[in-house]
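Novice: Everything in the sequence shown is counted per UniProt numbering, starting at 1 for the first residue and increasing by one.
Got a structure for you, questions after.
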Amino acid sequence: MSRSKYNFDEVVDRKSSNSIKWSGNDDLLPMWIADMDFKVADEILEAMKKTIDHGIIGYDDRPDSFYEAIIQWARTRYNWEIKKEWLVFTPGVVSGLSISVNAFSKEGDKVIIQPPVYPPFYSIIENNNRIVEENLLKNNGNRYEIDITDLENKIDEKTKMVIICNPHNPVGRVWKREELEVFGNLCVKNNIIMVSDDIHCDLVFKGHKYTPLASISDEFANNTITFMAPSKTFNIAGLFASVAIIPNEDLRKLYNEIIENMGIGHTNGLSIVGFEAAYKYGSSWFSEVLKYIEDNTDFAVDYISKNIPEVKVYKPEGTFLMWLDFSSLGKTSEEIDELLINKGKVQLNDGTAFGIGGEGFFRLNIGCPRKVLEDGLKRIRKAVQ
Ligand SMILES: Cc1ncc(COP(=O)(O)O)c(C=O)c1O
Numbered sequence: 001m002s003r004s005k006y007n008f009d010e011v012v013d014r015k016s017s018n019s020i021k022w023s024g025n026d027d028l029l030p031m032w033i034a035d036m037d038f039k040v041a042d043e044i045l046e047a048m049k050k051t052i053d054h055g056i057i058g059y060d061d062r063p064d065s066f067y068e069a070i071i072q073w074a075r076t077r078y079n080w081e082i083k084k085e086w087l088v089f090t091p092g093v094v095s096g097l098s099i100s101v102n103a104f105s106k107e108g109d110k111v112i113i114q115p116p117v118y119p120p121f122y123s124i125i126e127n128n129n130r131i132v133e134e135n136l137l138k139n140n141g142n143r144y145e146i147d148i149t150d151l152e153n154k155i156d157e158k159t160k161m162v163i164i165c166n167p168h169n170p171v172g173r174v175w176k177r178e179e180l181e182v183f184g185n186l187c188v189k190n191n192i193i194m195v196s197d198d199i200h201c202d203l204v205f206k207g208h209k210y211t212p213l214a215s216i217s218d219e220f221a222n223n224t225i226t227f228m229a230p231s232k233t234f235n236i237a238g239l240f241a242s243v244a245i246i247p248n249e250d251l252r253k254l255y256n257e258i259i260e261n262m263g264i265g266h267t268n269g270l271s272i273v274g275f276e277a278a279y280k281y282g283s284s285w286f287s288e289v290l291k292y293i294e295d296n297t298d299f300a301v302d303y304i305s306k307n308i309p310e311v312k313v314y315k316p317e318g319t320f321l322m323w324l325d326f327s328s329l330g331k332t333s334e335e336i337d338e339l340l341i342n343k344g345k346v347q348l349n350d351g352t353a354f355g356i357g358g359e360g361f362f363r364l365n366i367g368c369p370r371k372v373l374e375d376g377l378k379r380i381r382k383a384v385q
């Protein structure tokens with residue numbers, strides 16, 4: 001049993017809910033899509049219950065306290081002073097990325113991404129008739145780095161935007177300030193708008209520090225759109241409540257125009273109170289869950305190193321996702337997936353969905369009770385041995 005004030009060891013049955021992750025066969029353990037199997041903090045649930053108990057679910061507004069909650073969170077955690085007028089409500093981060101592509105580039109323009117990376121980065125660019133330019137991350141054996149020389153080579157007059165993921169899903173890097181400075185200076189020099197998906201920014205382990213790209217300098221702030229959300233941090237992804245932080249008034253206007261044209265500026269009332277309660281009252285739950293997740297990563301690294309030598313693993317710097325290298329098996333990703341599903345009865349994300357650099361890799365979601373994690377690791381072992 002955990003000695004935490006919260007019981008993250010509790011196994012909650014999600015099969016009886018509409019969970020996408022848990023919608024597969026009963027004998028398959030799902031360790032893929034990025035939500036966690038932990039119960040949400042009581043403070044958040046209570047705030048939402050109060051709204052339900054009121055009994056009317058009408059059109060609700062976002063009060064000042066909604067914005068103040070995230071401003072205060074960024075101030076105390078990241079020493080980043082966000083102004084209220086910079087904040088634009090956005091349903092989900094993926095929709096925000098797609099709005100950004102439409103707002104800040106034209107059809108035929110190039111948008112740079114850094115694979116292997118969260119799959120919708122590809123689709124939102126391609127589906128909007130822009131061109132994906134891949135700045136492949138360098139894999140240095142036990143950590144990935146931004147390949148600045150390659151980035152520089154990929155930039156041409158058609159390059160209008162770059163989407164960076166910080167911390168990076170799936171490779172688990174929390175970009176250091178110095179790395180961001182080099183990256184940002186290159187983008188600013190070339191007039192490339194930086195879109196930073198920081199949805200995982202709170203989930204950072206000991207010894208690492210998240211730096212908001214836009215907080216580095218006024219020049220960067222003026223050229224950056226940052227996405228933040230309580231969704232991963234507090235396991236409330238289903239509320240679809242995020243913010244785009246856009247200090248530059250001209251860029252904000254372009255972004256807002258799309259929100260208005262599409263009629264998606266309103267928020268579901270439960271999301272408003274859930275979002276606010278998370279940032280205002282969720283700190284204690286969050287610090288406990290972060291510790292539990294980090295212990296899970298240590299547990300997984302230890303188990304895999306000792307018991308599944310076929311799989312190469314390293315500890316991520318943040319997120320509740322681990323990027324496992326199965327390439328020593330000498331099999332295709334399809335063959336490995338087949339083994340995981342049919343022999344091991346465990347479902348991971350196939351790395352090929354994350355673009356180049358993903359062949360032979362699988363992403364493991366460790367945001368679950370320790371005994372579920374242990375079960376999953378045993379199934380991976382069974383699949384490959
Ligand atoms: C990097 C990243 N961005 C965005 C999302 C999804 O955001 P949303 O559900 O708010 O669209 C995820 C979910 O896994 C993610 O990992």
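Note that CB positions come from ideal geometry on N, CA and C, so glycine has one too.
(1) Sorted by chain position, which residues of the same chain lie with C-beta nearer than 7 angstroms to D198's C-beta, five sequence neighbours on each side aside?
(2) Measure the C-alpha to C-alpha separation of M48 and V289 and round it to an integer number of angstroms.
(3) Is D37 near ligand 1 - that is, is its Cβ less than 8 angstroms away from at least one heavy atom of it?
(4) Below 8 angstroms, how does it come out for the region 85 to 96 and the region 259 to 268: are there three or more Cβ pairs, yes or no?
(5) Is it true that the region 315 to 333 meets the region 189 to 207, where meeting means three or more beta-carbon pairs spaced less than 8 angstroms apart?
(6) Assign S17 to one of two classes, buried (16 or more other C-beta atoms within 10 Å of its C-beta) or exposed (fewer than that).
(7) Whether or not the region 143 to 159 and the region 107 to 122 are in contact is what I'm after, with contact meaning three or more pairs of Cβ atoms, one per stretch, closer than 8 angstroms; do they touch?
(8) How many whole angstroms separate the CB atoms of Y118 and V174, which I take to be in contact at a CB cut-off of 8 angstroms?
(9) For C165, is the beta carbon positioned less than 8 angstroms from some heavy atom of ligand 2?
(10) May I ask you to list the residues that DSSP assigns as paired with K312?
(11) Decide if T233 is buried, meaning its Cβ has at least 16 other Cβ atoms within 10 Å, or exposed.
(12) DSSP has T159 in a bridge; who is on the other side?
(13) Could you spell out the range, first to last residue, of the beta strand (DSSP E) harbouring A244?
(14) With a Cβ-Cβ cutoff of 9 angstroms, do E107 and N127 count as a contact?
(15) Helix, strand or coil for R363? Go by DSSP, reduced to three states.
(16) Go through the region 148 to 194 residue by residue and report every complete run of the beta strand (DSSP E) that reaches 3 residues or more, in order.
(17) Cα separation between P170 and I341?
(18) Looking only at its chain, what residues have a beta carbon closer than 8 angstroms to the beta carbon of D156, apart from the 5 residues adjacent to it on each side?
(19) So, helix, strand or coil for Y144, using DSSP?
(20) Give the straight-line distance between the Cα atoms of I125 and R252, rounded to the nearest whole angstrom.
(21) Going by DSSP in three states, P120 sits in which element: helix, strand or coil?
(22) Give every residue of the same chain whose Cβ lies closer than 6 angstroms to the Cβ of L364, excluding the five residues on either side of it in the sequence, and list them in chain order.
(23) According to the neighbour-count rule (16 or more other Cβ atoms, all chains shown, within 10 Å of its Cβ), is P309 buried or exposed?
(24) Thinking S100 and Y255 are a contact (beta carbons under 8 angstroms), I'd like their distance in whole angstroms, please.
(25) According to the Cβ coordinates, are N296 and R370 closer than 9 angstroms?
(26) According to DSSP, is T211 part of a helix, a strand, or is it coil?
(27) N139 bridges to which residues according to DSSP?
(28) Counting C-beta neighbours from all protein chains within 10 Å, is the total for residue 386 16 or more, i.e. buried, or is it exposed?
(29) Within a Cβ cutoff of 6 angstroms, which residues of the same chain sit near D37, ignoring the five residues on either side of it in sequence?
(30) Less than 9 angstroms separating the beta-carbons of L151 and G357?
(31) Just the C-alpha distance for N79 and G344, rounded to the nearest angstrom, thanks.
(32) Taking only the alpha-carbon atoms, compute the straight-line gap between V132 and T224 and give it to the nearest angstrom.
(33) Quick one: what's got a C-beta closer than 8 angstroms to L29's C-beta in the same chain, skipping five residues either side?
(34) Determine the direct distance from the alpha carbon of P63 to that of F104, and round the result to whole angstroms.
Specialist: The relevant details are as follows:
(1) Translated into the one-based positions of the sequence shown, residue 198 becomes position 198. So the list reads N166, P212, T226, F227 and M228, once near-sequence residues are dropped.
(2) What you label residue 48 is simply residue 48 of the sequence shown in a count that begins at 1. What you label residue 289 is simply residue 289 of the sequence shown in a count that begins at 1. Cα-Cα distance, rounded: 21 angstroms.
(3) On the sequence shown, residue 37 is found 37 positions in, with the first residue counted as 1. Because no heavy atom of ligand 1 lies under 8 angstroms away, the Cβ of D37 does not count as near it: no.
(4) Contact holds: three or more Cβ-Cβ distances are below 8 angstroms.
(5) yes
(6) In the sequence shown, residue 17 corresponds to position 17, counting from 1. By the neighbour-count rule (16 or more Cβ atoms within 10 Å), S17 is not buried but exposed.
(7) yes
(8) Within the sequence shown, the letter at position 118 stands for residue 118. Within the sequence shown, the letter at position 174 stands for residue 174. Actually they do not touch by this definition, with Cβ atoms about 15 angstroms apart.
(9) Within the structure as shown, ligand 2 is missing, the only ligands being ligand 1.
(10) Numbered from 1 along the sequence shown, position 312 holds the residue referred to as residue 312. BP columns for K312 point to D325.
(11) Locating residue 233 in the sequence shown gives position 233, counting from the first residue. That one is buried.
(12) Looking up residue 159 in the sequence shown gives position 159. Secondary-structure assignment with DSSP links T159 through a beta bridge to K110.
(13) For the purposes of this step, residue 244 is taken as the residue at position 244 of the sequence shown. Residues S242 to I245.
(14) For this step, residue 107 is matched to residue 107 along the sequence shown. For this step, residue 127 is matched to residue 127 along the sequence shown. Contact flag unset, no.
(15) Here residue 363 refers to the residue found at position 363 when the sequence shown is read from its first residue. DSSP places R363 in strand when its eight states are reduced to three.
(16) Runs found: 159 to 165.
(17) Taking the first residue of the sequence shown as position 1, residue 170 is located at position 170. Taking the first residue of the sequence shown as position 1, residue 341 is located at position 341. Near 20 angstroms, if we compare the C-alpha coordinates of I341 and P170.
(18) As a working note, residue 156 is residue 156 in the sequence shown. Answer for D156: K110, listed in chain order.
(19) In the sequence shown, residue 144 corresponds to position 144, counting from 1. Here Y144 sits in strand by DSSP.
(20) Numbered from 1 along the sequence shown, position 125 holds the residue referred to as residue 125. Numbered from 1 along the sequence shown, position 252 holds the residue referred to as residue 252. Those two C-alpha atoms are separated by around 20 angstroms.
(21) Within the sequence shown, residue 120 is the residue found at index 120, counting from 1. In the structure shown, P120 sits in a helix (DSSP, three-state: H, G or I).
(22) Position 364 of the sequence shown holds residue 364. These residues qualify, in order along the chain: M31, M322, L324 and L348.
(23) Counting from 1 along the sequence shown, the entry for residue 309 is found at position 309. By the neighbour-count rule (16 or more Cβ atoms within 10 Å), P309 is not buried but exposed.
(24) Working through the sequence shown from its first residue, we reach residue 100 at position 100. Working through the sequence shown from its first residue, we reach residue 255 at position 255. With a Cβ gap of about 7 angstroms, S100 and Y255 count as contacting.
(25) Locating residue 296 in the sequence shown gives position 296, counting from the first residue. Locating residue 370 in the sequence shown gives position 370, counting from the first residue. Yes; because the gap between Cβ atoms is below 9 angstroms, this pair is in contact.
(26) For this step, residue 211 is matched to residue 211 along the sequence shown. In this structure, T211 counts as coil in the three-state DSSP scheme.
(27) Indexing the sequence shown from 1 puts residue 139 at position 139. According to DSSP, N139 bridges with Y144.
(28) Outside the displayed span of the chain (1 to 385) sits residue 386, for which this structure offers no information.
(29) Here residue 37 corresponds to residue number 37 of the sequence shown, with the count starting at 1. These residues qualify, in order along the chain: C368.
(30) The residue you call residue 151 lines up with position 151 of the sequence shown. The residue you call residue 357 lines up with position 357 of the sequence shown. No. Outside cutoff.
(31) On the sequence shown, residue 79 is found 79 positions in, with the first residue counted as 1. On the sequence shown, residue 344 is found 344 positions in, with the first residue counted as 1. Cα-Cα distance, rounded: 45 angstroms.
(32) Here the question's residue 132 lines up with position 132 in the sequence shown. Here the question's residue 224 lines up with position 224 in the sequence shown. Going by the C-alpha atoms only, they are around 19 angstroms apart.
(33) What you label residue 29 is simply residue 29 of the sequence shown in a count that begins at 1. Excluding its 5 nearest sequence neighbours in each direction, L29 has C-beta neighbours in its own chain below 8 angstroms: K345, V346, Q347, V372, D375, G376 and R379, listed in chain order.
(34) The residue labelled residue 104 in the question sits at position 104 within the sequence shown. The residue labelled residue 63 in the question sits at position 63 within the sequence shown. Straight-line Cα distance between these residues: approximately 29 angstroms.
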